[in-house]
Amino acid sequence: MKKTLSKILIITGLFILISCGESEENNLPDNKVTEQATGTDKTSHEDWVVTRTLPYPDQASEILLDAIIKGGQPNVDAASNFNLLNDQAWIELIEKTDEQRAVEVKQLAEKLNITVEEKTVAGVTVRYVNPPTVDPRFKDCLFIHTHGGAYILNGGYAGVREALHIAHYVKIPVVSIDYRMPPKHPFPAALDDVLAVYKELVKQHDPKTIAIGGTSAGSGLAMASIHKFKAEELQLPGALYLGTPWTDLNKIGDSYFLNEGIDQVLVSYEGLIEGSAHLYAGKYDMKNPLISPIYGDCSGFPPTYLVSGTRDLFLSITVLAHRKLRIAGVIADLNVYEGLSHGQWALFDSPENIQVHTELGQFLDKYLK
Numbered sequence: 363m364k365k366t367l368s369k370i371l372i373i374t375g376l377f378i379l380i381s382c383g384e385s386e387e388n389n390l391p392d393n394k395v396t397e398q399a400t401g402t403d404k405t406s407h408e409d410w411v412v413t414r415t416l417p418y419p420d421q422a423s424e425i426l427l428d429a430i431i432k433g434g435q436p437n438v439d440a441a442s443n444f445n446l447l448n449d450q451a452w453i454e455l456i457e458k459t460d461e462q463r464a465v466e467v468k469q470l471a472e473k474l475n476i477t478v479e480e481k482t483v484a485g486v487t488v489r490y491v492n493p494p495t496v497d498p499r500f501k502d503c504l505f506i507h508t509h510g511g512a513y514i515l516n517g518g519y520a521g522v523r524e525a526l527h528i529a530h531y532v533k534i535p536v537v538s539i540d541y542r543m544p545p546k547h548p549f550p551a552a553l554d555d556v557l558a559v560y561k562e563l564v565k566q567h568d569p570k571t572i573a574i575g576g577t578s579a580g581s582g583l584a585m586a587s588i589h590k591f592k593a594e595e596l597q598l599p600g601a602l603y604l605g606t607p608w609t610d611l612n613k614i615g616d617s618y619f620l621n622e623g624i625d626q627v628l629v630s631y632e633g634l635i636e637g638s639a640h641l642y643a644g645k646y647d648m649k650n651p652l653i654s655p656i657y658g659d660c661s662g663f664p665p666t667y668l669v670s671g672t673r674d675l676f677l678s679i680t681v682l683a684h685r686k687l688r689i690a691g692v693i694a695d696l697n698v699y700e701g702l703s704h705g706q707w708a709l710f711d712s713p714e715n716i717q718v719h720t721e722l723g724q725f726l727d728k729y730l731k
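When we follow the numbering used here, the leftmost residue of the sequence shown carries the number 363, and every step to the right adds one.
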């Protein structure tokens with residue numbers, strides 16, 4: 363193994379202390395973590411304080427492990443203190459980020475020889491993402507993609523990165539919805555856009571040949587969309603994909619505390635994630651099932667494929683979504699990968715990425731008509 367820096371992470375509530383020094387050995391260093399869970403009723407019980415050693419996940423693939431080592435220990439203070447004071451500051455951050463990501467995504471599309479064609483469906487901008495060869499299993503099928511990005515990021519071309527992965531690995535035609543987002547367009551704009559596109563697409567495609575889904579906010583939106591389709595008495599898609607779904611915009615679940623400062627992607631609920639949640643919900647209660655879909659009735663949902671990782675800040679809400687679906691009698695396949703932070707399987711050509719999408723393809727083959 364590589365010689366790396368030895369790092370000690372101490373978490374108590376929201377505070378982090380990192381001390382670094384050179385490792386004396388060539389094996390991977392451990393990260394020592396102390397956690398304090400917060401309770402809602404401090405008069406009835408005491409909070410738990412847990413101290414343990416957290417090694418690097420040596421059962422993860424070499425590509426993932428290398429990314430984790432290079433990424434280093436997350437800085438909880440920096441993440442949780444992130445704060446933008448007004449809508450204009452958010453807009454500037456969003457535009458700069460999306461512009462940079464769009465360049466990377468266009469390069470990836472060229473590398474994969476995948477065509478991306480912008481169209482308008484029901485007044486909504488979408489991008490048709492077509493692989494050079496469609497798997498015969500999916501020649502009459504369609505994947506409706508709702509991109510992630512905390513409901514604020516990945517507008518425009520930047521939003522099709524995951525759609526490219528799905529088209530490349532699963533070899534299924536994809537329609538990626540460029541839904542409206544805050545701060546200009548809070549809830550229910552995104553949901554309205556997905557509904558409008560879906561209503562139009564089912565005029566051309568049997569709903570049972572359609573899958574819908576995405577990662578993070580994209581999968582939260584996809585799950586909320588199923589609630590909306592049910593309310594509209596529409597025939598539901600044949601399958602649902604929930605990649606580390608943001609099923610609850612509130613800070614609920616063990617992993618928000620256990621994986622704070624361990625998830626290299628999200629790091630902490632406080633900061634960007636909490637701010638984005640409030641931007642998206644706007645004047646509405648964040649426990650509204652069309653905002654936090656875990657609070658809705660999941661009976662009748664299509665077969666659902668879920669993915670998370672052991673270091674994912676959203677692990678608990680993914681597990682809770684799986685339980686909610688299973689209790690409702692829904693076919694639900696939960697896949698949790700060792701060492702993965704939030705959506706970290708998206709490392710291109712990593713074994714985790716290949717496995718996630720290969721098994722997604724197998725799942726779609728089983729349940730799409």
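For each residue, glycine too, the CB sits at the ideal point set by N, CA and C. Being a predicted model, the structure only gives us computed values, none of them experimental.
Pick out whichever of 526, 565 and 567 has its Cα sitting closest to the Cα of residue 464.
-> 526
Could you pull out every residue in the same chain whose Cβ sits closer than 8 Å to the Cβ of residue 602, ignoring the five residues on either side in sequence?
-> 573, 574, 575, 584, 585, 588, 663, 664, 665, 666 and 667
Nearest residue (CA-CA) to residue 612, options 626, 640, 731 and 595 = 640
Would you decide whether residue 412 is buried or exposed? Buried here means 16 or more other CB atoms lie within 10 Å of its CB.
-> exposed
Please classify residue 605: is it buried, with 16 or more other beta-carbons within 10 angstroms of its beta-carbon, or exposed?
-> buried
The alpha helix (DSSP H) spanning residue 587 covers which residue range?
-> 579-593
How do the stretch 548-565 and the stretch 515-534 stand: do at least 3 beta-carbon pairs fall below 8 Å, yes or no?
-> no
Provide the residue(s) that pair with residue 741 in DSSP beta bridges, ordered along the chain.
-> In this structure the chain extends from 363 to 731, so residue 741 is not present and cannot be described.
Can you give the Cα-Cα distance for residue 500 and residue 512, rounded to whole angstroms?
-> 30 Å
In or out: residue 386 buried (at least 16 other Cβ within 10 Å) or exposed?
-> Per-residue confidence for residue 386 stands at a pLDDT of 36, beneath the threshold of 50, marking its modelled position as unreliable; no derived number is given.
Alpha carbon to alpha carbon, how far is residue 658 from residue 419?
-> 35 Å
Is residue 689 buried or exposed, if buried means 16 or more other CB atoms sit within 10 Å of its CB?
-> exposed
Throw me the rounded Cβ distance for the residue 580 and residue 655 pair, which I believe falls under 8 Å.
-> Contact flag wrong, Cβ pair sits at about 12 Å.
Rounded to a whole number of angstroms, what is the C-alpha to C-alpha distance between residue 694 and residue 684?
-> 6 Å
Where the alpha helix (DSSP H) containing residue 727 begins and where it ends | 713-729
What does a CB cutoff of less than 6 Å around residue 616 pick up in its chain, not counting 5 residues either side in sequence?
-> 678
Taking buried to mean at least 16 other C-beta atoms within 10 Å of its own C-beta, is residue 416 buried or exposed?
-> exposed
Tell me residue 670's beta-bridge partners as DSSP assigns them.
-> 698
Can you name the start and end residues of the beta strand (DSSP E) that residue 508 belongs to?
-> 504-508
Are residue 705 and residue 577 close, meaning C-beta to C-beta below 8 Å?
-> yes
Name the two residues that bound the continuous beta strand (DSSP E) containing residue 537.
-> 536-539
Using the C-alpha atoms, what's the distance from residue 592 back to residue 561?
-> 12 Å
Test item: CB-CB of residue 546 and residue 493 under 8 Å | no
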